[in-house]
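There are 2 protein chains.
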Amino acid sequence: MRLTNARDLGLFVRERRRRLGMTQTELSGLAGVSRRWLSDLEAGKPTAEIGLVFRVVHALALTLEARPAEAEPGAIDLDDLLRDLRTSRG
Amino acid sequence: MRLTNARDLGLFVRERRRRLGMTQTELSGLAGVSRRWLSDLEAGKPTAEIGLVFRVVHALALTLEARPAEAEPGAIDLDDLLRDLRTSRG
DNA sequence: CGTGCATGTGCACGTACGCGCACAGAGGCT
DNA sequence: AGCCTCTGTGCGCGTACGTGCACATGCACG
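Heads up: the sequence lines are chains A and B, in that order. Under the working numbering, the residues of the first sequence are numbered 1138 to 1227, in order. Under the working numbering, the residues of the second sequence are numbered 1138 to 1227, in order.
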């Protein structure tokens, strides 16, 4: 699942939690966060602290991966493009 | 790159930023965050808000992906295992 | 050596976090 | 109908956030 914002994250966490058959109370205890906060997170709260988010992610046996955005079909390497932009007129 | 905690995230952001030839000032302006905060983020601050993190991630042309943790070589499906645990003694 | 840029960091401010508690609404089960 | 579980949410508290500013260090260049 691709996460682009807090709402995505919240929905994904909720779905994952349900898939594992957990309640908010159980997951919050497992992750060491309050149920109150978890409820807000699942609702897409954008001000949630990433440290707590990582705790929840681990408790859900999830892996978080970051990678450069997909190259367009035009086959231009975005990394090089941006870097060139910077080094040429920066 | 696999991100497991705030420190990972910070280091990854820093490396990615440098790879694109950006300074903290440039990236912070592009992402709409303060340079102060970006500096802290790259240092691994665990209390950073995920909303701002997503802004930086986008500004770096990055994709964030979440997925179930890898299954052990023992071939037990962790999802099923956890779900069964819950439904049988919950 | 002096200048300029990149980065880290202390400070003060206004704001909102995350927490626990308590209650309300919605289902499900008997 | 009555009961129990799950979830959302208002409130109040103590705390730390994120921001902007200013300064210091480190490094490259002429």
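The beta-carbon is built from N, C-alpha and C at its ideal position, and this holds for glycine as well. Quantities reported herein were computed from a predicted structural model and do not represent experimental measurements.
query	result
Minimum Cβ-Cβ distance from GLU1209 (chain A) to chain B less than 9 Å	Note that GLU1209 (chain A) scores a pLDDT of 47, beneath 50, so its modelled location is shaky; the value from the coordinates is reported in the next line. Not closer than 9 Å to any Cβ of chain B, the Cβ of GLU1209 (chain A) fails to qualify, so no.
Contact with chain B by ALA1143 (chain A), beta-carbon distance below 9 Å	yes
GLU1163 (chain A) - DSSP class collapsed to helix/strand/coil	helix
Test item: CB-CB of THR1184 (chain A) and GLU1186 (chain B) under 9 Å	yes
Backbone secondary structure at ARG1172 (chain A) - three-state DSSP	helix
Pick from B:ARG1151, B:GLY1166 and B:LEU1197 that is closest to GLY1181 (chain B), judged by C-alpha positions	B:ARG1151
Residue environment, SER1165 (chain B), which counts as buried when at least 16 other CB atoms sit within 10 Å	buried
Beta-carbon neighbours of THR1200 (chain B), restricted to chain A and to distances below 9 Å	ARG1139, LEU1140, THR1141, GLU1202, ALA1203, ARG1204, PRO1205, ALA1206 and GLU1207
Cutoff 8 Å; reference LEU1199 (chain A); Cβ partners in own chain excluding five residues on either side	ARG1153
Rounded C-alpha distance that separates ALA1203 (chain A) from HIS1195 (chain A)	16 Å
Test item: CB-CB of VAL1170 (chain B) and LEU1157 (chain B) under 9 Å	no
ALA1168 (chain B) classed as buried or exposed, judged by whether at least 16 other C-beta atoms fall within 10 angstroms	buried
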